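For what it's worth, our numbering labels the leading residue of the sequence shown as 1, then goes sequentially.
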Amino acid sequence: MTRKQSIFTLASIYIGTVIGAGFASGQEVLQFFGKYGYKGILGVMVITVLFSLLGASVLNAVYTRKISSLEEFTTIYFGKAFFVIINMVLTFLLFISYVVMLSGSGAVANENFQIPYAYGIFMMASITLYVFIFGIKGIAKANNIAVPLLILIILWVGIITIYKNKMLFSNFYAYPLQNINPGGSVSAFKSSIRNTINKNNWLWSALLYVAFNSIGAIVVMTSLRPLIVDRKAAVLGGVLGGVMLGILAMVILICLLILYTNIIGIEVPMIAVASSLGVVWRQVYSIVLLLAMFTTAIANGYGCILGIYNLTKINIKVISVVVSIISVPLATLGFKKLVMFFYPLFGYVGMVF
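As structure tokens, this is what we get:
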């Protein structure tokens, strides 16, 4: 693997882990940054820097300290005594996140492509299991294919929307964001915590947003040692991933501010943005949501599998099959129910860590 390939692969995995359905749907960006209008743009600039620093520092540590697992990373920075507790908590959270992504993919497939809910879940579970079987190389290859396509569609829809509307922002102050009811989305919970602590601080929102998204990213990045060819690749891979996340968030935010009065109260704002360009683009952007759920599912699912392996030392392929099989019936409980029940726990633990 060349340095350029290493940088691209590291950045793709980092982006794929963070971007998720909440990010791609525009709901997280709207809740965390859209509320502040023009100041939200400053918040996105802050997360661009923080995501770049996070990616560069963690990947640099993985390479220079020869870290190959979360166990080694945790032992170095927190001590061996805390590893078992941290690993158990993170493994559980990553498992729940994987189940939620399966459930969400079933919901998106059913709503936008008329595929039966259970079939959508089974299909996503089967595809992710196939990726898990190939380990970190499978994760890398999947992200190298999915992430560029995901980025391309988001940027294309965003740039066309911005060009079409000549950067004319809607009167977002006339419709307070607090009135939005995203139907129990993950972002609603995150936003409620943020608003409870400080209702008017875009900087705090930026810090909190990075904190929420850092857990899964760190777990996955600690397993990327085989993909790092040298220290420069580690640092540049992290920086590239962070910068691209910032660019995508900025494009999404500007689109939402432009069409603010049209998307207020909508659970998936970017679908509404894409719909403004035509019915075909609505379907295309639905694929983006599925890709985002896929990249997050393989990241969280593989992180969970590694966590179980660290505790049990059972063959990773066996763990992969068991995790995928167990997840399917749990995912059929319903996307909203899973989000509303489990994600508050994820949020509170994220704040503690």
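All residues carry an ideal CB built from backbone N, CA and C; glycine is no exception.
Since this is a predicted model, take the numbers as computed values, not measurements.
When DSSP states are grouped into helix, strand and coil, residue 75 belongs to the helix group. By the C-beta density criterion, residue 35 is buried, having at least 16 other C-beta atoms within 10 angstroms. In the displayed model, residue 114 falls within coil according to three-state DSSP, outside both helix and strand. Annotated as distal: residue 264 and residue 150, with beta-carbon spacing of 8 angstroms or more.
Spanning the alpha carbons of residue 247 and residue 58 requires a straight line of approximately 21 angstroms. With contacts defined as CB atoms closer than 8 angstroms, residue 56 and residue 239 qualify as a contacting pair. Looking from the CA of residue 48, the closest CA among 152, 120, 213, 136 belongs to 213. Sequence-distant Cβ neighbours of residue 26 in its own chain, meaning closer than 6 angstroms and more than five residues away, are 252, 256, 269, 270. The three-state reading of DSSP puts residue 166 in coil, since its state is none of H, G, I, E or B.
Taking all protein chains shown into account, residue 315 has fewer than 16 neighbouring C-beta atoms within 10 Å of its C-beta and is therefore exposed. Leaving aside the five residues that flank residue 129 on each side, the residues in its chain whose CB is nearer than 8 angstroms to its CB run, in chain order, 320, 321, 324. Distance from the Cα of residue 297 is smallest, within the candidate group 209, 113, 124, 285, for 124. Burial check for residue 84: the Cβ neighbour count within 10 Å stays below 16, so the residue is exposed.
For residue 267, the secondary structure class from DSSP, reduced to helix, strand or coil, is coil. Residue environment for residue 82: exposed (fewer than 16 other C-beta atoms within 10 angstroms of its C-beta). Rounded to whole angstroms, the Cβ separation of residue 93 and residue 121 is 20 angstroms, and the two are not in contact under 8 angstroms. Two segments are said to touch when three or more pairs of C-beta atoms, one from each, lie closer than 8 angstroms; by this definition the region 216-234 touches the region 65-75.
Here residue 43 really is in contact with residue 203; their C-beta atoms are around 7 angstroms apart, less than 8 angstroms.
Around the beta carbon of residue 79, fewer than 16 other beta carbons sit within 10 angstroms, so the residue counts as exposed. Of the candidates 332, 1, 10, 24, 24 places its Cα closest to the Cα of residue 153. Between the beta-carbon of residue 147 and that of residue 295 there is about 6 angstroms, and that keeps the pair under the 8 angstroms contact cut. Shown here, residue 300 sits in a helix according to DSSP, grouped into three states. For residue 74, same chain residues with a beta-carbon under 6 angstroms away, outside a window of 5 residues either side, are 83, 86 in chain order. Scanning 8, 30, 4 for the CA closest to the CA of residue 266 turns up 30.
About 4 angstroms separates the beta carbons of residue 301 and residue 98, which is inside the 8 angstroms limit, making them a contact pair.
When DSSP states are grouped into helix, strand and coil, residue 98 belongs to the helix group.
Annotation for residue 235: the continuous alpha helix (DSSP H) segment containing it runs 231-258.
Non-local beta-carbon contacts of residue 250 in its own chain, meaning distances under 6 angstroms to residues more than five positions away in sequence, involve 44 in chain order. Residue 37 has its alpha-carbon roughly 43 angstroms from the corresponding atom of residue 1.
DSSP, read as helix, strand or coil, puts residue 1 in coil. DSSP places residue 315 in the coil class of the three-state scheme, outside both helix and strand. Here residue 69 carries a coil assignment [DSSP, helix/strand/coil]. The shortest CA-to-CA distance from residue 50 to any of 230, 208, 219 is the one to 208. By the CB criterion at 8 angstroms, residue 233 and residue 10 fall inside the cutoff.
Scanning its chain for C-beta atoms nearer than 7 angstroms, with the 5 sequence neighbours on each side dropped, one finds around residue 110 the residues 116, 117, 120, in chain order. Taking a 10 Å sphere around the C-beta of residue 132, we find 16 or more other C-beta atoms and assign the residue as buried.
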